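Just so you know, we're using numbering that gives the first Met the number 0 here: the sequence shown kicks off at 0 and counts up by one. Even glycine gets a Cβ: it sits at the ideal position worked out from N, Cα and C. Every value quoted in this text rests on a predicted model; they were computed, and no experiment measured them. Just below is one structure, and these are the notes that go with it.
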Amino acid sequence: MATRRRRTKADQIPVEVTEEEAVSAVEEEVAIEPEEPVVEAHPEEVEETEELPDFGQGHGAQLRLALYRHGRRFLDFLQAAQDELNPHNVHQLRVSSRKLSSTLSLFSALVGRGPVKRLRRKLRQVRRSLGVLRDLQRQLEWLCDEPLLDDFLTERSSELPMVIKQANKAVRRVKASKLEKRLEMVDALLAGLLEEEQAEESVREMLSRAVWESLLQAMSHADEVDPDNSFSYHALRVAMKTFRYQAEVFAAAGWDTRLDQNDGWAKIRELHDALGSLQDIEVLACHVDYHWVQNPPIRETQARVVNRLLKERHQALGRIHLQDLDWEQLWDWPQGEVEELLAEEEE
0 MATRRRRTKA
10 DQIPVEVTEE
20 EAVSAVEEEV
30 AIEPEEPVVE
40 AHPEEVEETE
50 ELPDFGQGHG
60 AQLRLALYRH
70 GRRFLDFLQA
80 AQDELNPHNV
90 HQLRVSSRKL
100 SSTLSLFSAL
110 VGRGPVKRLR
120 RKLRQVRRSL
130 GVLRDLQRQL
140 EWLCDEPLLD
150 DFLTERSSEL
160 PMVIKQANKA
170 VRRVKASKLE
180 KRLEMVDALL
190 AGLLEEEQAE
200 ESVREMLSRA
210 VWESLLQAMS
220 HADEVDPDNS
230 FSYHALRVAM
240 KTFRYQAEVF
250 AAAGWDTRLD
260 QNDGWAKIRE
270 LHDALGSLQD
280 IEVLACHVDY
290 HWVQNPPIRE
300 TQARVVNRLL
310 KERHQALGRI
320 HLQDLDWEQL
330 WDWPQGEVEE
340 LLAEEEE
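See below:
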């Protein structure tokens, strides 16, 4: 295994992406939105509380079960959010939509992009419809602990009813039955593929490479991070989500991964959490700056608030150690790529 880090730019990664998907990804991810706290356990550590369908035995069955779990979790929280848009339901619906979308993106390596395209587009619409509300809810949580910004808290709180009304209207337009049928179609395609002779080994190789490609995306964005610009971490944060969620699906199938060694799972969860905290602080700081432009603050009050924000920002940055992360040890690299790297080092 090569130890030299491969510096691959994002536009050089061998991943086929359609123009429409690229535009949609930029529209979704460039928009600055707050990060959800990372509190989930590893998939294998989650206690099952419902009766699951019997997909049989083997890695293929576990893959189908992973798709079912992510789909069921999203649909359950969609129903909960349609009933009440409280912070918990909003947060969990957004998280479950990202996990399901990452799972579908991973499975597109097997069934093609066509069967998952509309599903992922609808999941993206759900997240966008809740983005402003989640942003506001996170800010109100922080402002409740900051008495020096009572006027800003009052201003933002007054916006909550209208934001909830708009989000509720958008969420209620989503038809769970249609999404469930499309998920069943993807499962049927996956089941048919797995019936082929020696399919599981071929599936493992294809999925492993797809997860590796998502890791390459994260590596390329890590190369482009500017330590003096907190927003430059945003693309890395998004890429790390995809890598982590897809790696979890791969592991849920019962295949060993390098993340099982040397606290790999804990390391990427910690990085994910730190990047999210940094994003939250930067988004809040932008809103506070805009508020102060319209309502000039008392200088002493402004200094104390800024100092608190800076302290939390430094704490988040202190948990991000990209230079100490051995990227090439996070996942198995395809043999052809390893041989290429070794040949380059010998020249």
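With a CB to CB cut of under 7 Å and the five nearest residues on each side skipped, what residues in its chain are close to residue i?
i      : result
Ser96  : Phe73, Leu122, Val125 and Arg126
Arg257 : Gly263, Gln328, Leu329, Trp330 and Asp331
Pro86  : Gln136
Trp254 : His58 and Arg203
Gln301 : Trp291
Ala217 : Leu235, Ala238, Met239 and Phe242
Met205 : Ala108 and Leu109
For residue i, does the three-state DSSP call read helix, strand or coil?
i      : result
Phe372 : This structure leaves residue 372 out entirely; the chain is present only between 0 and 346.
Pro160 : helix
Gln260 : coil
Pro296 : coil
Phe242 : helix
Arg112 : coil
Gln329 : For the sequence presented, residue 329 should be read as Leu rather than Gln. Of the three classes helix, strand and coil, the one that applies to Leu329 here is coil, per DSSP.
Leu129 : helix
His320 : coil
Pro52  : coil
Ala187 : helix
Lys174 : coil
Trp291 : helix
For residue i and residue j, I'd like the C-alpha separation in whole angstroms.
i      : j      : result
Glu247 : Cys143 : 35 Å
Glu50  : Arg71  : 12 Å
Leu77  : Val94  : 11 Å
Glu179 : Ala187 : 12 Å
Glu311 : Glu200 : 46 Å
Ala378 : Glu196 : Absent from the structure is residue 378, since the part of the chain shown begins at 0 and ends at 346.
Glu28  : Glu281 : For Glu28, the predicted structure reports a pLDDT of 42, less than 50, and the residue's modelled location is therefore unreliable. A value from the coordinates is still provided. Spanning the two alpha carbons is a distance of roughly 15 Å.
Glu34  : Arg236 : The pLDDT assigned to Glu34 is 47, lower than 50, so where the model puts this residue is not dependable, and the model offers no usable value.
Gly317 : Asp227 : 13 Å
Glu154 : Val173 : 31 Å
Lys164 : Gln138 : 18 Å
Leu309 : Asp272 : 18 Å
Glu183 : Arg133 : 30 Å
Leu321 : Leu283 : 24 Å
Count the other C-beta atoms from every protein chain shown that fall within 10 angstroms of the C-beta of residue i, then say buried if there are 16 or more, exposed otherwise.
i      : result
Tyr244 : buried
Ala21  : Note that Ala21 scores 41 on pLDDT, short of 50, meaning its location in the model is unreliable; the coordinates nonetheless yield the value given after this. So Ala21 counts as exposed.
Ala175 : exposed
Arg355 : Here the chain has residues from 0 to 346 only, and residue 355 is not among them.
Phe230 : exposed
Lys98  : buried
Arg298 : exposed
Compare the C-beta of residue i against all C-beta atoms of chain B and say whether one is closer than 8 Å.
i      : result
Leu132 : The chain labelled as chain B is not found in the depicted structure, where only one protein chain is given.
Which same chain residues, not among the five before or five after residue i, have their C-beta less than 8 Å away from its C-beta?
i      : result
Tyr232 : Val224, Leu274, Leu277, Gln278 and Ile319
Val110 : Val185, Leu188, Leu189 and Leu192
Among residues of its own chain, excluding the 5 on either side of residue i, which ones have a beta-carbon nearer than 6 Å to its beta-carbon?
i      : result
Asp149 : none
Thr241 : Ser101 and Ser213
Ala209 : Leu105 and Ala108
Phe54  : Ala60, Arg63 and Leu64
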